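Peer 1: Pasting a structure below so you can have a look.
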Amino acid sequence: DSGVTQTPKHLITATGQRVTLRCSPRSGDLSVYWYQQSLDQGLQFLIQYYNGEERAKGNILERFSAQQFPDLHSELNLSSLELGDSALYFCASSAQGGGYTFGSGTRLTVV
Amino acid sequence: AQSVTQLGSHVSVSEGALVLLRCNYSSSVPPYLFWYVQYPNQGLQLLLKYTSAATLVKGINGFEAEFKKSETSFHLTKPSAHMSDAAEYFCAVSGGRGYQKVTFGIGTKLQVIP
């Protein structure tokens, strides 16, 4: 157990739907990062939050949004889902300069 | 901006042979460098990290990596491959101190042949 908890582990949904992925960071880590991993794109950085505020944005689609709550857990919202959104979504948390600790991911399948 | 290039998306070695996974980086500031391993259906696990201290970094499972500034490289090695080393390995770079975004390479799948 890495200390970073992601739920759910698996999600199957239809095109056009909306889903929410949840991440609880490791205790004491203030920063949360979301990544998308797909076969053709590799690991793509989506967005970073630090202590409740957006810190950096990567290749995140407008249909996707995220937030970090006062208790530091984070949610990634994916809407108007398309087949191409099927991927593994990872959350990671970090302490300063120490590298990431990853959760085990949410596998999203859009059918 | 930072980037990493991993040479070879697939590497095969015999059990007991040397493992060498290549990574070159580009960074506009002194980098922090990382190697992660991903086993099937799992998240990424940190193998080792370079954070501007010793240039030879030892990690878990017998892996080590050497930071070579002149070559902008951070290759991962292990003297003797084990079947359990079969996995995907990611080199990554960040801009150093603070809560910096980490940029990953495309990954190298290591196959260990018995």
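Chains A and B, in that order, give the protein sequences. According to this note's numbering, the first sequence holds residues 1267 to 1377 in order. According to this note's numbering, the second sequence holds residues 51 to 164 in order. Think of the CB as a built atom: it goes at the ideal place given N, C-alpha and C, for glycine as much as any other residue. A quick note: this is a predicted structure, and the numbers were derived from the prediction, not measured.
Starting from B:Val70, follow the beta strand (DSSP E) in both directions and report where the run begins and ends.
Peer 2: In the sequence on display, residue 70 of chain B carries Leu and not Val. Taken as a continuous stretch (DSSP letters only), the beta strand (DSSP E) holding B:Leu70 covers Val69 to Ser77.
Peer 1: Listing by chain order, which chain A residues have their CB less than 8 Å from the CB of B:Thr153?
Peer 2: What B:Thr153 touches in chain A: Phe1311.
Peer 1: Residue ranges of each beta strand (DSSP E) run of no fewer than 3 residues wholly in the stretch 1300-1336 of chain A, ordered along the chain?
Peer 2: Entirely contained in the stretch 1300-1336 of chain A, the beta strand (DSSP E) runs reaching 3 residues are, in chain order, 1308-1316, 1319-1323 and 1330-1334.
Peer 1: To the nearest angstrom, how far is it from the Cα of B:Lys119 to the Cα of A:His1339?
Peer 2: Using only the alpha carbons, I get a separation of about 37 Å.
Peer 1: Just the chain A side, please: which residues come within less than 7 Å of B:Gly93 by C-beta, in chain order?
Peer 2: Ser1268, Phe1356, Phe1368, Gly1369, Ser1370 and Gly1371, listed in chain order.
Peer 1: Name the two residues that bound the continuous beta strand (DSSP E) containing A:Gln1283.
Peer 2: Premise fails: A:Gln1283 is in no beta strand (DSSP E) and is neither H nor E.
Peer 1: Residues in the same chain with beta-carbon distance under 8 Å from B:Thr153, minus the five sequence neighbours each way, listed in chain order, please.
Peer 2: Within the same chain, B:Thr153 has close Cβ partners Gln52, Ser53, Val54, Ala142, Val143 and Ser144.
Peer 1: By Cβ distance, which residues of its chain are closer than 6 Å to A:Arg1329, with the 5 residues on each side in sequence left out?
Peer 2: Only Ser1345 and Ser1346 meet the Cβ criterion.
Peer 1: Take A:Leu1309 and list the residues in its own chain whose beta-carbon comes closer than 7 Å to its own, dropping the five residues that flank it on each side.
Peer 2: Tyr1301 and Gln1303, listed in sequence order.
Peer 1: What are the residues that DSSP puts in a beta bridge with B:Phe124?
Peer 2: B:Phe124 is bridged to B:Phe117.
Peer 1: Anyone know if the C-beta pair for A:Ile1297 and A:Gln1314 falls short of 8 Å?
Peer 2: It should be pointed out that residue 1297 of chain A corresponds to Ser in this sequence rather than to Ile. Result yes, Cβ atoms of A:Ser1297 and A:Gln1314 sit closer than 8 Å.
Peer 1: Closest by CA to A:Ala1358, which one among A:Ile1278, A:Glu1348, A:Gly1369 and A:Ser1352?
Peer 2: Per the Cα distances, A:Gly1369.
Peer 1: State the start and end residues of the unbroken beta strand (DSSP E) segment that holds B:Leu99.
Peer 2: A small fix is needed here, since residue 99 of chain B is Lys in this sequence, not Leu. Note, B:Lys99: beta strand (DSSP E), Leu94 to Tyr100.
Peer 1: Distance, Cα to Cα, B:Tyr82 vs B:Ser76?
Peer 2: B:Tyr82 and B:Ser76: Cα-Cα distance of roughly 11 Å.
Peer 1: Tell me the rounded alpha-carbon separation between B:Phe117 and B:Val79.
Peer 2: Whole-angstrom Cα-Cα distance: 15 Å.
Peer 1: Is the CB of A:Gln1302 under 8 Å away from at least one CB in chain B?
Peer 2: No, no contact with chain B.
Peer 1: Which same chain residues end up closer than 6 Å to A:Leu1318 when comparing Cβ atoms and leaving out the 5 residues on each side of it in sequence?
Peer 2: Contrary to the premise, residue 1318 of chain A reads as Gly rather than Leu in this sequence. Around A:Gly1318: Gln1334.
Peer 1: Does the beta carbon of A:Gly1308 come closer than 8 Å to any beta carbon on chain B?
Peer 2: Yes, its Cβ sits closer than 8 Å to a Cβ of chain B.
Peer 1: Look up B:Leu83 in the DSSP assignment and say whether it is helix, strand or coil.
Peer 2: Three-state result, B:Leu83: strand.
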